[in-house]
Every structure is written in structure tokens, then in C-alpha cells.
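Asker: Questions regarding the structure given below will be posed in turn.
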Amino acid sequence: MKRSVALGQNRLQRGFSMVEVMVSVVVLSVGLLGMAALQARSLQENRGAYLRSQGSILAYDILERIRANSDAAIAGKYDMSMGTRKFSTGNSMADTDLKDWVANLTSLLPSGDGSVDCDSNGNCTVIVQWFDNSVTEDVNEDGVVDDKDKVTSITLASTL
20 MKRSVALGQN RLQRGFSMVE VMVSVVVLSV GLLGMAALQA RSLQENRGAY
70 LRSQGSILAY DILERIRANS DAAIAGKYDM SMGTRKFSTG NSMADTDLKD
120 WVANLTSLLP SGDGSVDCDS NGNCTVIVQW FDNSVTEDVN EDGVVDDKDK
170 VTSITLASTL
């Protein structure tokens with residue numbers, strides 16, 4: 020009698036370990052999917068931080084170039100508007116600095132652009148802007164996350 024009871028209990032327990040394995044696989048899969056999403060978000064934020072670093076470096080770069088040639092800056096030789104590439108094609112130090120800076124803007128930042136404005140008192144403002152796909156927030160608070168929210172900029176002001 021004992022033997023038949025033992026066999027009966029084994030039959031009832033058959034397949035139970037399979038259900039446990041299936042539940043474990045589902046739990047593990049959900050955890051791994053969460054980790055993959057976290058890794059993807061981390062990479063996206065890392066790219067955004069890299070672009071902000073590059074933008075900051077480029078803004079300081081042109082400010083240091085302006086400080087090295089402050090007389091030309093006060094004379095307005097470094098002034099450049101956003102979206103325009105109409106600076107002089109001469110070979111002066113200011114022209115060379117602006118050409119190099121614009122080349123760096125366009126090669127290091129996606130849709131990189133910049134402006135420089137120096138007044139006669141030696142106050143200079145530099146703006147560097149670029150398109151950052153990692154932005155997922157409604158920055159301008161218009162109710163939708165669109166391309167306008169993804170335009171990021173850094174503004175630096177300095178006195179020569």
C-alpha cells in the first residue's frame with residue numbers, strides 16, 4: 020500500500036517543476052528587458068552629456084581665441100550671427116579663428132552653429148547650439164516634445 024501511495028504522489032507532482040521553470044524564465048526575461056532599456060537610456064544620456072561637453076569646450080575655445088586677439092574683437096572682427104557663415108574670407112587672425120571654430124562646430128556637434136557678439140567695451144557673448152536627439156522633455160513647455168525642444172545651447176559671457 021505504501022508503494023502505490025508513493026507512486027500516486029509522484030504523478031501529482033509531475034510537471035510542477037516545469038511550471039516553476041516557466042515562471043522563472045518569465046521573471047528573468049522581464050528583468051533582462053528592464054536592464055536592456057536601462058542600458059539604452061544610459062547610452063542616450065551619455066551622448067547628451069558628451070555633446071554638452073563638446074559645446075562647452077567650443078564656447079571656451081572661441082573665447083580664448085578672442086582674448087588672444089582682443090583688439091580685433093573690440094573692433095568687431097569676431098562678430099558673427101547664428102545661422103550665417105558670412106565672415107570675411109581674409110587671412111587675418113580673426114578670420115582664421117572663426118573659420119576653425121565654425122569647422123569644429125559643424126564637425127563635432129550635430130547641426131552645430133554659433134554666434135559671437137563683442138561690444139566696444141570688451142564684453143563678449145558666445146552662443147553655441149546644436150540638435151540633441153537625447154532630449155525627451157518638453158523644454159519650451161508647449162505641450163509636445165518636438166524638434167524645438169531638442170535644440171540645445173550654451174551661452175557664455177565674458178569681459179576681455
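Counting in my numbering, the sequence shown runs from 20 upward without gaps.
Note that CB positions come from ideal geometry on N, CA and C, so glycine has one too.
#1: Since Val147 contacts Met99 with CB under 8 Å, what's their CB separation in whole angstroms?
#2: Run the CB neighbour count on Lys96, radius 10 Å, all protein chains shown included, and call it buried at 16 or more, exposed below.
#3: Who pairs with Trp120 in a beta bridge, going by DSSP?
#4: Taking the alpha-carbon positions, what's the Thr3 to Met37 distance?
#5: With the cut-off set at 8 Å, would you say Arg66 and Ser126 are in Cβ contact?
#6: Of the residues Ser48, Ala113, Phe150, which one's Cα is nearest the Cα of Ile93?
#7: Rounding to the nearest angstrom, what Cα-Cα distance links Asp151 and Gln58 in this structure?
#8: Measuring alpha carbon to alpha carbon, tell me which of Met41, Asp165, Leu47, Asn123 ends up nearest Ile76.
#9: Hey, out of Ala176, Tyr69, Gly50, Ser177, whose CA is closest to Pro129's CA?
#10: Would DSSP call Ser153 helix, strand or coil?
Answerer: Here's the rundown:
#1: Position 128 of the sequence shown, counted from the start, is the residue given in the question as residue 147. Position 80 of the sequence shown, counted from the start, is the residue given in the question as residue 99. 12 Å between Cβ atoms; not a contact.
#2: Here the question's residue 96 lines up with position 77 in the sequence shown. Buried, by the Cβ-count rule.
#3: Working through the sequence shown from its first residue, we reach residue 120 at position 101. Answer is none; Trp120 lacks a bridge partner.
#4: Not covered by the structure: residue 3. The range shown for the chain is 20 to 179.
#5: Along the sequence shown, read from residue 1 onward, the residue named residue 66 stands at position 47. Along the sequence shown, read from residue 1 onward, the residue named residue 126 stands at position 107. The answer is no: Cβ separation not under 8 Å.
#6: Position 74 of the sequence shown holds residue 93. Considering only alpha carbons, the answer is Ala113.
#7: Residue numbering aside, residue 151 sits at position 132 when the sequence shown is read from its first letter. Residue numbering aside, residue 58 sits at position 39 when the sequence shown is read from its first letter. Cα to Cα, Asp151 sits roughly 19 Å from Gln58.
#8: Position 57 of the sequence shown, counted from the first residue, corresponds to residue 76. That would be Asn123, whose Cα lies nearest to the Cα of Ile76.
#9: Position 110 of the sequence shown, counting from 1, holds the residue named residue 129. Of the candidates Ala176, Tyr69, Gly50, Ser177, the one whose C-alpha sits nearest the C-alpha of Pro129 is Tyr69.
#10: Counting from one through the sequence shown, the residue named residue 153 turns up at place 134. Three-state DSSP puts Ser153 in coil, outside helix and strand.
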